[in-house]
Each structure stands twice: as structure tokens, then as C-alpha cells.
Amino acid sequence: MNWLHNVRRRVINTSRKPIKLEWSDARKAFVIGLKMVNMACAWHLVFEHVGGIRAVSGPSMLPTMEVEDELIVENRMVSIQSLQRGDLVTFMSPLDPTRGVCKRIIGFPGDIICVDPTGKYAPSTEHVVVPKGHIWVSGDNMSWSRDSREYGPIPFGLIKGKFIGRVWPLRRAAWFSRNFQYIDE
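The opening residue of the sequence shown carries number 1 in UniProt numbering; numbering runs sequentially from there.
Structure below.
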């Protein structure tokens, strides 16, 4: 750390003498800067392609997720074969690509889905077949959720990851299960 003291002493120059930096000091500063850039790149790669922790906001997934919750997201699984009905996924909003959205998977390609069982956005008798390469998603709190009832089917390419657990608040820490129940008609 003696070299850092020397750099500070030379940078805070109160005299009129020109500042002289030795090559070894400049090299050390360059190496530290390079290591910081490498760490930032590694963090970005891990967060984007492996997973990380994300905060959620909004009431659309109550009671499964509350506003202050922080969740573990797994990004390395983005293949349609690894997803199932009931999984919680994060995807880019079709209406605002700068926003990430979290919803529960309800349907896969070929499934026939009731567009809006509540009748709020569409008649409760309206059904849709989920097209190839898309999924149908819904919020757990349907009265406050903007989901496939409004977006329509979500292209698979917009899916960024799958939520696998909650880490904050600690009193509610848990792994998520597929909370999905089939109903016979």
C-alpha cells in the first residue's frame, strides 16, 4: 500500500513543481483498473446467463410475491422443455421492452385457454389456442395483473429466466413449487 500513498502524495501537489509518476505506479493503477473491469464483466455474465437476485414490485403476484420480496432467478434454463405449467417466469414486457415482468405460466403451444375467466378484459366464453413458440401467462392476483389477457400470448424469445425461490424477507424465505392445480370439468 506504500505505492498508493506515493500516488496520493503526488496527486495532491501543493508545490509548483511538476508531478512525476513513476512507470511502476502507473502500471499498478492500470492493472487495478483492468481487474475492476474484468470483475464487472464477470458479474454481468453471471447475472445475465446464470442467475441472480431480483427485487419485485407491484401487486400482480400477491400473495405468492409481496412488494418487498427479493427472488432468486435462474437464467440458464431458457428452453421450452425445461418449463412447466405453474412455473414463475420473468420476461421482457411486450408493451415496454425496458421492463421485466414476472408471471405464472398457464399454457403452452396448442393449449386452449379461457382468455379471461373474470370477464374483465374479454367475455368469459372467449377461448384462444396458444400459438407455436408462445406461452400464456397470468398473475396470481388477477384483478391487479397485466398479463396475457392484455398482452396476448408471450413469444418464447422474451422469456429471460425462471424464479426458483425467495431470499428476502428472511421470514418468508422459501423455494417455489409449481402451485398449479388441474380442474376437471
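Here a beta-carbon is modelled for each residue, glycine too, at the ideal position from N, C-alpha and C.
Check: Among Ile164, Lys162, Phe91, which one has its Cα closest to the Cα of arginine 146?; Outcome: Phe91
Check: Return the bridge partner residues of histidine 127 from the DSSP annotation.; Outcome: Cys114
Check: Would you kindly work out how many angstroms separate the C-alpha atoms of isoleucine 105 and histidine 44, rounded to a whole number?; Outcome: 27 Å
Check: I'd like to confirm the pairing. Which residues does DSSP put opposite threonine 90 in its beta bridges?; Outcome: Cys102, Gly161
Check: How is arginine 54 classed by DSSP in three states: helix, strand or coil?; Outcome: strand
Check: Round the Cβ separation of valine 130 and aspartate 111 to the nearest angstrom and send it over; I've been treating them as touching at under 8 Å.; Outcome: 5 Å
Check: Take the Cβ of proline 153 as the centre, count every other Cβ of all protein chains shown within 10 Å, and call the residue buried at 16 or more, exposed below.; Outcome: buried
Check: Tell me, to the nearest whole angstrom, how far the beta carbon of methionine 142 is from that of threonine 118; I am working on the premise that it is less than 8 Å.; Outcome: 6 Å
Check: In this structure, how does DSSP classify arginine 146 when only helix, strand and coil are distinguished?; Outcome: coil
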